[in-house]
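All residue numbers for the sequence shown refer to my numbering, where the first residue is 1 and numbers rise by one.
The C-beta atom is built at its ideal place from N, Cα and C for all residues, glycine as well.
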Amino acid sequence: MLSIKLFGIQTPEYLAIRNELQHLLENGGYDFELEEVSDVQTMVDQDIESIPFVKINGTASLAYKEFDNTHLFIEAIHLTLLTFTKAYTMKKLLVPVDFSPASERALQYALHWAAHFGSSLEVVNVYMPPVDPQYGSIIGINDLEKIQSDKVKQLESLVEKWKGKIALPDNSLVSSKCLIGFPAEEIMRYAKDFDLIIIGATGEKSVLEKWMGSVSMAIAQKSNTPVLLVPENSEFKPIHQIAYAFSPDSDKSAFLTLAKHLSGSFGALIHLVHVLDKNHEEPPQSTRELLTEYFAHHEIQFDHVHADSVASGLERYLGNHPIDLLIMVAHKRPFWEKWFHPSVTKQMSFKPKIPILVYHNQEV
1 MLSIKLFGIQ TPEYLAIRNE LQHLLENGGY DFELEEVSDV QTMVDQDIES
51 IPFVKINGTA SLAYKEFDNT HLFIEAIHLT LLTFTKAYTM KKLLVPVDFS
101 PASERALQYA LHWAAHFGSS LEVVNVYMPP VDPQYGSIIG INDLEKIQSD
151 KVKQLESLVE KWKGKIALPD NSLVSSKCLI GFPAEEIMRY AKDFDLIIIG
201 ATGEKSVLEK WMGSVSMAIA QKSNTPVLLV PENSEFKPIH QIAYAFSPDS
251 DKSAFLTLAK HLSGSFGALI HLVHVLDKNH EEPPQSTREL LTEYFAHHEI
301 QFDHVHADSV ASGLERYLGN HPIDLLIMVA HKRPFWEKWF HPSVTKQMSF
351 KPKIPILVYH NQEV
C-alpha cells in the first residue's frame, strides 16, 4: 500500500491539489492511504520547508513551489507514483476463439506472445446453447452434451494445429476450455485473473464498423483486463516500434507500466504520440521531462500531430511510420465517443493493419 502525506493548510490552492490528488489515486488503480497533515510542529519536525508538500512512502518528496502550477504538480506526483508501481507481468494470457479466420489469427499472435514472455495461455470458446425452434426453449441435456463434446474436440484440434506451427518452450502451458454464456460477458468475467486478452477483430467494412457492437468492441470498452485487438489480415512479426497514443491528463499508471514493460521486453522504440486537435493542447515541457525520466533506459520519441480529430491524426501517423503495435487507453464512457467523434466515424476509413492494445481506464 502506498503511504501518501499531503502537508499544508486549507487554502483554495491546497484544496485544489487535494481534490486532484484524490481523483488521481482513486482512478489510477492504486492501493493507497492518504493522510493530510496541517499541524505546524509536525511539519517542522519532518523538515517541511514549504507547503503544499507531498511525501510518498516516506522517501519521495515533492514541493509545490518547484512547479507553481496545480496541474504540473499533480503530473509530477503521478509519474513519481509510477516508480512505486509493481512491474507489469505477462504471466497469464487468454485468447477467445470462435473458429473464424480472425480468431485463428489472434490464436497465432497469442502463441507467439506466450513463447516470448514464457506465459501460460488458455484458449476459450464461449457459445450459447441453441434453441429448439419447435418449442422455443433450449435443447435437451443429451443434445447439449453432444454439442459440448463436439466443441471441445474442435477447440483441442485447433489448438494442436497451431501449437505444431509455432516453436514453444518445452515447459509452455497451453490449455483450452469451452464455456457456455453470452460471449462478451462470459469472457470478461473469466478474464479477471488474466494479464491480457488477445482477441481477433472481424467485420465487413472499416475497422470501426467491424468492432462497433461486436464482441471485440464490447470487451475493449468494458474489460478491466488489457485487450490486444488483432486485425484479421495482420501478419505476426516482431515488435520493434510501438506507438503510444497518450493524453497527459488521462493516462492510467498501470498502462504506462505495461507500455514500459513491452518496450523493455521487445527492445522496442516507443513513439509517444499526442494528437493536437481543438480539444487537446501540446503537453508542457515538464510532461516531456517527467516521461523521459520515467522511461529512462528505454528508447523513446515524442511526436505530436495536428489534426481535426484524434482518429484522423492517428490514422495519418500510422500511415507515415512503421509502427508494429498501437497502444491506447479507453475510458468508462463509450470508447469511440472519447477517441472518435461520431461525425468523423461515418467519413473516415481508419483501417490499421497492426494490433491495437487497449486498456480500459476506470475513470467515470
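Subject >> 8 Å contact criterion, which ILE187 and VAL126 should meet: CB distance rounded >> reply: Yes, they are in contact, since the Cβ atoms of ILE187 and VAL126 sit about 6 Å apart, within 8 Å.
Subject >> Pairwise C-alpha distance: ILE242 and TYR368 >> reply: Outside the shown range of the chain, which is 1 to 364, sits residue 368, and nothing can be said about it.
Original post:
Helix, strand or coil for PRO355 per DSSP?
Top reply: coil
**OP:** Tell me where the beta strand (DSSP E) around ALA63 begins and ends.
**Re:** 60–63
Original post:
Helix, strand or coil for LYS332 per DSSP?
Top reply: Interpretation of LYS332 is limited by its pLDDT of 49, a score under 50 that renders its predicted location unreliable; the figure taken from the coordinates is listed afterwards. LYS332 falls in the coil class under three-state DSSP.
Subject >> Delimiting residues of the beta strand (DSSP E) encompassing TYR244 >> reply: It spans 241–245 - the beta strand (DSSP E) in which TYR244 sits, taken as one unbroken run.
**OP:** Throw me the rounded Cβ distance for the PRO226 and LEU357 pair, which I believe falls under 8 Å.
**Re:** 6 Å
Subject >> Which listed residue (ALA296, TYR294, HIS304) has its alpha carbon closest to that of LEU276 >> reply: Ranking ALA296, TYR294, HIS304 by Cα distance to LEU276 puts HIS304 first.
**OP:** Output yes or no for whether 9 Å exceeds the beta carbon distance between ASP195 and SER119.
**Re:** Yes, the Cβ-Cβ distance between ASP195 and SER119 is below 9 Å.
Original post:
Hey, would you say LYS101 sits closer than 9 Å to GLY200, going by beta carbons?
Top reply: It should be noted that the sequence gives Pro, not Lys, for residue 101. In contact: PRO101 and GLY200 (Cβ atoms closer than 9 Å).
Original post:
Does the Cβ-Cβ distance between PHE246 and LEU229 come in under 9 Å?
Top reply: No, these two residues do not count as a Cβ contact at 9 Å.
Subject >> 9 Å Cβ cutoff met for ILE74 and GLU20 >> reply: yes
Subject >> 9 Å Cβ cutoff met for VAL97 and LEU144 >> reply: no
**OP:** Report the rounded CA-to-CA distance for ASN224 versus TYR359, giving the unit in angstroms.
**Re:** In this structure, the CA atom of ASN224 is about 7 Å from the CA atom of TYR359.
Subject >> Burial state of SER175 (16 or more Cβ within 10 Å) >> reply: exposed
Subject >> Cβ pair VAL40, ILE4 closer than 9 Å >> reply: no
Subject >> Nearest-angstrom beta carbon gap, PRO355 and TYR109 [assumed within contact, 8 Å] >> reply: 7 Å
Subject >> Assigned secondary structure, GLN301 (DSSP; H/G/I helix, E/B strand, else coil) >> reply: strand
Original post:
So, are the CB atoms of HIS112 and ILE166 less than 9 Å apart?
Top reply: yes
Original post:
Between ILE56, ILE48, GLU13, which lies nearest to ASP31 when the distance is taken from Cα to Cα?
Top reply: ILE56
**OP:** Determine the burial state of SER38: buried for a count of at least 16 other Cβ atoms within 10 Å of its Cβ, exposed for fewer.
**Re:** exposed
Subject >> For SER176, the first and last residue of its enclosing alpha helix (DSSP H) >> reply: It is not in any alpha helix (DSSP H) - SER176 instead sits in the beta strand (DSSP E) that spans 174–180.
Subject >> Pairwise C-alpha distance: GLU232 and MET217 >> reply: One C-alpha to the other measures close to 14 Å.
Original post:
Using DSSP with H/G/I as helix, E/B as strand and the rest coil, what is ILE56?
Top reply: When secondary structure is reduced to three states using DSSP, ILE56 falls in the strand class.
**OP:** State the Cα-Cα distance for the pair VAL310 and GLU13, rounded to the nearest angstrom.
**Re:** 32 Å
Original post:
I think LEU6 touches PRO52, with their Cβ atoms under 8 Å apart; what is that distance to the nearest whole Å?
Top reply: 7 Å
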